[in-house]
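Below you'll find the structure, written out as structure tokens, and then a few comments.
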Amino acid sequence: MRLSSTTPGEQVVIIGCGMTGVSAYLQLVRHGGVRGVTLVDPHEPGFGPAFGSAHVHALCNTPAGDTSLLPDQPDDLCDYLRGRGWPHDRAAFVPRFQAAQYARTRFLEHRRMAQARGITTRHVRERALRVAVGPDGGYLVHLASGGTLPASEVLVCVGLGEPIVPMLMTPYVGHPTFVPTPYPAASMLRAVEPGGDVLVLGSRLSAIETALVLIDSGRRVVISSPSGELPAVRTRLARTGPAALLAAQLGGLPGDLPDAAMDREAARLLIRAIRRVKPLALRRQIVGDGDPHDRLRRETALAEADDAPWQDVVAGVIDGLNEWLPLAGPDRAAAFMKRHRSLIGRYVSAIPLDSARRLLDAIDRGRLRVRTYPAGIEPTVAGGWTATWEDSSRHFDAVVAAAGNHRLTLHVDGDALHLDGTSVAGPLRPAEDLRVMIRPPVRERIWLVGPTTHARNPITNYLHAAAGQAGTVFVNFLDQVGAPV
Amino acid sequence: MIALVNPVSSGAELARAFHERGTACVHVYSPGVPVGARPAGVPVISYSDVAVVERELRALGVSAVVAASEFGVLPADELAHRLGLPGNAYALSEARRDKSLMMEQLRQRGLRATRTAIVRTEQELEQALAGFPFPLVVKPRDSAGSDGCRVCSGPEQARAAFAQVIHERNLMGRTNDAVLVQEYLDGPQFIVNTVSAGGRHTLGELYSARIDRQAGGAPVFRHMTSVRTLDGPDKELVGYVFDCLDALGVSEGAAHTEVRRTPDGPCLVEVNARVMGPCLAPDAYFAAFGYSHQHLVVESLVDPAVFALRDASGYGPDRHVAKVFLRAHREGVVRAVPGLDLLRRLPGFHSVARLAEIGRPVPDRLLTTGASGIAFFVHEDPATIENALRVLHELEDAGQFYELEPVDG
Ligand SMILES: Cc1cc2nc3c(=O)[nH]c(=O)nc-3n(C[C@H](O)[C@H](O)[C@H](O)COP(=O)(O)OP(=O)(O)OC[C@H]3O[C@@H](n4cnc5c(N)ncnc54)[C@H](O)[C@@H]3O)c2cc1C
């Protein structure tokens, strides 16, 4: 009997094959019970943009021991690194290219495993535009070329959207010395000669990494963001012990607390958790304000002295909030994240100690400064830029935007889930099992995995969360498929 | 007995391949070419009078003459012709060395050819510039290894490029008495290595190349990666190369052809009637293809029946090989090679050869001579190789592959 695309597991389509899509593929193949998998991505599986930087100083912001494609094998990246003779440490932040090569290697291994298990794997090098409900109850994935792919299930693993171009620079998109994204580093470096001055817009990890790449290759840099602040400094990111406890406690909070009580309860649990790691007053382990250069220096010293116990509970904040906030409903969860955005941003995405030292060295050598956004930026006739602050102005040879990426606005319209375009309805919120509803209350066999689930799980922009999501998705749908073959 | 003419550069590897096989060879050096190293027991003739060497080779019972480097192309043609042995069409010998004659020959045969002008004086340069669209290429009439080659986006740059090479000594040791102005071919570059026998061409290797352009317009060859299966455009490209070989009278032995895929079809950069250079350390090629360019040449002469089978079985290697020209990010004296560990741990890494020597200036920083190191990658997955090469090139460009002495020290 020829199976149609409505038979569960007959033709699973994974849209987007960065780390998240590969994690989903690996877990699918290991579980078995499916006939065919089609991967749709214009990039090669495993080489998505998030881990796509080839520069040796572009480091993961999660430690090697927490950057696994397989939720039940947290040391899988470490195993890969050991196998190739890379010196590493579970707690270390390894170059992102190593994580990408790990993903590609595991993908190739699992493609062979799939073949041995009778599962066909196909890679379609294209963008998917939408997923429509098919006439027979299955799905049709519409491709940019105009073609369609039948699917029994669809996993949407499309990652983040386009790089953010700060408002200051939107009039200058296309200008030869305005670099709208720091990736790949080689093209960015082509925009400015060694010895030149570069204004980097953004002050989170990708801006910091960009500044270090530029400084290493002989450029001078000003990092600039609306807050003019740098993230805190850390030496590790632990998921066990106090972090696990905090995650459970936060995750166990009721969803119906008033806003003020939400803040109070979260703060109480957080402070207790930190105290359990090391009884050190908060003001002795974080530097609350001040000049960003001085703050970086003092926080680096704290991390070096191992006086930053807050870092041992950060992973608990992420996991706990991902559990708890969905219970409070989308609006209140979003409001909570907004109230605490700068705090979460500063400590969840803290700077690895080694990068902090290199930043300080650059500051001391007069090659780096951190500032708030300029009031204005104007191109000069000679092809460079003049940035003006209240008290001064300065010439730059190039401006680089490193302010992160937009979130994708997936939306449901008519009988389809649209992956491209804009939505007026706000971010799409999947059901708690991450399924999409096109014909409510029917939960489609379409799942969102990774950063696109942010309307439900606020901090899914990292692999550990995405891989975990991919795992739960399978428990869910492979149960319908039946026992693994 | 096989005569290898001027077996220097990659020709030394060709000589070794004959030697491994136990084939009797004589190494022949034409006037002015210094005698290179050779396996023990191999006779050498360094001649000044072609009639004398002709007699000596006849006496040795030589059955084939092989051009064993770029320097060997013209003398090998002459010797094969004098000895009455199989060889490439003698009347077209010059057209196989001289790039402007080469293009003229293609044009006569109705094949797409690169527009080329020979320029000897500033006046001729101005005339040529008036008739060519920009960008255009300026390069020595007779050199190799990207030596003196510039892509020029305007007349000023073209004049500077001309002034830089005319009357200067080139990589072949000759003085540039003429410069070529050529149409710039827009499109990816490919390399097609073939071995011909009795006028039949066998495709040995097809590569696509990454060539960057320096700020001053100098092309910098970064790497080449082999193509495993031929799609429609690849077949068109290989077919065009075979037509070029026919047009240029290549009927015997190795050819190493560079060609670009332009919007209006493939177009020749140049045919070199010899094995590919530089550095033909055979193991990486065997790991990917099961043979190397030089071993195919040996097989075609020593075991023609086996070689003939290749035509029937067709092209289809098992894995990809990439050859990388390692580079320092600036001129300077090499202090250490800190990037070597990283290179060797990249997925697909196979081997590395001819690294620049510590304590000496980086040689030929921008040329395609391989003097500052060559790395080989072999893997079945082209995406894995491509990613590894991106990492490697970023490391080189960040100045972290070679560590150089500080500029002021
Ligand atoms: C610079 C940067 C560094 C990061 N570092 C870390 C880190 O160290 N550790 C960590 O855990 N997380 C990190 N992240 C977070 C990262 O976003 C998450 O880990 C994410 O889950 C990465 O994988 P992904 O596959 O979801 O995203 P991506 O790598 O962005 O991959 C998404 C893929 O989907 C494809 N795609 C998109 N739209 C379509 C479409 N319509 N049709 C077909 N294909 C499509 C894209 O081509 C791409 O290949 C980083 C993110 C960025 C941007």
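Taken in order, these protein sequences are the chains called A and B. Residue 130 in the working numbering is what sits at position 130 of the first sequence, and the numbering runs on without skipping anything. To get the working numbering, take the position in the second sequence, counting from 1, and add 1000. Where is the CB? At the ideal position from N, CA and C, for every residue including glycine.
The Cβ-Cβ distance between B:L1248 and B:R1096 falls below 8 Å. B:G1148 and B:K1139 do touch by the CB rule: their CB atoms are close to 6 Å apart, below 8 Å. In this structure, B:D1264 has its CB at a distance of at least 7 Å from all heavy atoms of ligand 1.
The residue from B:T1225, B:H1293, B:S1063 and B:E1403 with its alpha-carbon nearest to that of B:S1010 is B:H1293. Under the DSSP assignment, A:M113 falls in the alpha helix (DSSP H) whose first and last residues are R96 to A116. Assigned with DSSP and collapsed to three states, B:S1313 falls in helix. Here the C-alpha atom of B:A1076 lies approximately 36 Å from the C-alpha atom of B:Q1214. Only exposed fits A:S187, as fewer than 16 other CB atoms lie within 10 angstroms of its CB. Contact annotation, A:A24 with A:A470: C-beta distance approximately 4 Å; criterion of less than 8 Å satisfied.
At a cut-off of 8 Å between beta carbons, A:L108 contacts chain B.
By the neighbour-count definition (other C-beta atoms within 10 Å, threshold 16), A:D433 is an exposed residue. The alpha-carbon separation between B:P1263 and B:R1344 amounts to approximately 38 Å.
Against B:D1381, the close residues of chain A are R104 and L108, in the order they occur along the chain (beta-carbon pairs closer than 8 Å). Chain-ordered, the chain B residues with CB closer than 7 Å to the CB of A:G85 read R1345. Counting only Cβ-Cβ distances below 9 Å, A:S217 has contacts in chain B at H1329, D1397, A1398 and G1399, in chain order.
Shown here, B:K1099 sits in a helix according to DSSP, grouped into three states.
At least one heavy atom of ligand 1 lies closer than 7 Å to the C-beta of A:N461. Three or more beta-carbon pairs separated by less than 8 Å link the stretch 33-40 of chain A to the stretch 141-151 of chain A, which places the two stretches in contact. Less than 8 Å divides the Cβ of B:P1278 from the Cβ of B:G1370. Scanning A:P427, A:R272, A:I15 and A:D294 for the CA closest to the CA of A:R357 turns up A:D294. Chain-ordered, the chain B residues with CB closer than 9 Å to the CB of A:H55 read V1391, E1394, L1395 and A1398. For B:F1325, the uninterrupted beta strand (DSSP E) run begins and ends at H1320 to F1325, by DSSP. Under a criterion of Cβ atoms nearer than 9 Å, no residue of chain B is adjacent to A:E126; the nearest Cβ is some 16 Å distant.
Using a CB distance below 7 Å, the part of the stretch 32-63 of chain A facing chain B consists of E44, F47, A54, H55 and V56, ordered along the chain. Not one heavy atom of ligand 1 is found less than 7 Å from the C-beta of A:I351. For the stretch 157-188 of chain A, the set of residues with a beta-carbon nearer than 9 Å to any beta-carbon of chain B comprises P184, A185 and A186, in chain order.
For B:V1053, the enclosing alpha helix (DSSP H) begins and ends at V1050 to L1060. B:L1136 is the residue among B:E1168, B:I1385, B:L1136 and B:L1185 whose C-alpha sits nearest the C-alpha of B:E1156. In this structure B:M1103 is buried. Its beta-carbon is surrounded by 16 or more other beta-carbon atoms within 10 angstroms.
Residues of the stretch 1086-1113 of chain B whose Cβ lies closer than 9 Å to any Cβ of chain A: none. When the alpha-carbon of B:D1303 is set against those of B:P1347, B:S1153, B:Q1400 and B:F1018, the nearest one is in B:F1018. Contact annotation: A:A382 and A:P427 have beta-carbon atoms that are not nearer than 8 Å. Setting aside the 5 residues that flank it on each side, B:P1338 is surrounded in the same chain by Q1400 and E1403, each with a C-beta closer than 7 Å to its C-beta; the list follows chain order.
Put simply, the backbone Cα of B:H1167 is about 11 Å away from that of B:R1141.
According to the DSSP assignment, B:Y1240 belongs to the alpha helix (DSSP H) that extends over G1232 to A1247. Distance from the CA of B:L1079 to the CA of B:F1071, rounded to the nearest whole angstrom, comes to 14 Å.
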